[in-house]
Ligand code: LP5
Ligand code: MN
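Numbering (our numbering), first residue to last: 7 to 246.
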């Protein structure tokens, strides 16, 4: 048996193939897993659990079927879907987790997170994140009519795309000291995250002991997952 980790599917109506691939995973390999962890940016953008986008109900039903089959599904928010709330969690059967979570699986202690908080060199983003994480602002936004929220989200996406054009690739990656600090703080030798869309396994040292950082791939052109089992930790890629 194994525990599966995915992130950065960025599901949207514009990418039906990715949604189909996710549903295939939910109805296939995930059914024989011990659990499925979704580490953020499951959706391209999320403007409230009351969004009637049929895609959301389709995804919720498929996740709920997995959970009802006996496989728990956990969700950590990403920078695109940080507004996924308890209503959607109930509808999908997902258990919402905090931004950072330590797990011990098959005797291995590991830290999981979306990964955006590790990008500390991206000061613009960290400032943006601090602002939109303010609960009062989120409540204000969620109280707006849906069409207004859609316009604001579109402006934010456009603003972000424009801003990303001017940023160096380096600052949009994790800061190595931030990684060391997080792993040291949580006393782990394994870290799994997404967000950067730079899939890889990085070897490092934590407390003079070998450690690994697993970066999940975004589901742009293929599926990606980290599979943890008693045999070890693998970073996998597969056609949708
Ligand atoms: O997302 P991506 O991959 O483009 O880049 C991210 C960082 N950008 C973001 C912004 C998101 O894309 C916006 C998602 C909106 C959907 C949800 C709406 C909910 C609104 C809730 C309000 C309380 O996360 C980007 C990083 C990059 O990752 C790499 O790590 O660099 O960070 C930025 O681009 C931040 C910019 O520096 C500044 C933010 C631009 C947004 C400007 C807003 C203007 C419109 C406001 C209208 C009221
Ligand atoms: Mn992200």
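Where a beta carbon is used, it is the ideal one built from N, C-alpha and C, also for glycine.
Three-state secondary structure (DSSP) of residue i
| i | result |
| --- | --- |
| residue 109 | strand |
| residue 51 | coil |
| residue 215 | strand |
| residue 101 | strand |
| residue 41 | strand |
| residue 194 | coil |
| residue 206 | strand |
| residue 222 | coil |
| residue 92 | helix |
| residue 15 | coil |
Span of the alpha helix (DSSP H), counted from its first residue to its last, around residue i
| i | result |
| --- | --- |
| residue 64 | 60-74 |
| residue 160 | 152-172 |
| residue 9 | No alpha helix (DSSP H) contains residue 9, which is instead part of the beta strand (DSSP E) from 8-12. |
| residue 143 | 141-148 |
| residue 29 | 22-33 |
| residue 133 | 129-138 |
Endpoints, beta strand (DSSP E) assigned at residue i
| i | result |
| --- | --- |
| residue 230 | 229-235 |
| residue 115 | 114-119 |
| residue 46 | Counting along the chain, residue 46 falls outside any beta strand (DSSP E), and DSSP gives it neither H nor E. |
| residue 238 | 238-244 |
| residue 81 | 79-81 |
Cutoff 6 Å; reference residue i; Cβ partners in own chain excluding five residues on either side
| i | result |
| --- | --- |
| residue 148 | 54 |
| residue 240 | 233 |
| residue 101 | 80 |
| residue 84 | 46, 47 and 120 |
| residue 115 | 194 |
| residue 230 | 205, 222, 223 and 243 |
Beta-carbon contacts of residue i that lie in its chain and below 7 Å, excluding the five residues immediately before and after
| i | result |
| --- | --- |
| residue 164 | none |
| residue 73 | 79 and 99 |
| residue 189 | 117, 197, 212 and 217 |
| residue 207 | 218, 220 and 241 |
Beta-carbon contacts of residue i that lie in its chain and below 8 Å, excluding the five residues immediately before and after
| i | result |
| --- | --- |
| residue 143 | 137 |
| residue 203 | 14, 223, 224 and 226 |
| residue 52 | 86, 87, 88, 89 and 90 |
| residue 64 | 25 and 29 |
| residue 68 | 28, 29, 32 and 33 |
Shell residues, 5 Å Cβ cut-off relative to heavy atoms of ligand 2
47, 84, 85 and 201
Under 8 Å, with one C-beta from each stretch per pair, do the segment 103-123 and the segment 152-172 reach the 3-pair mark?
no
Indicate whether the contact test is met: 3 or more Cβ pairs, each with one atom in the segment 127-137 and one in the segment 14-29, closer than 8 Å.
no
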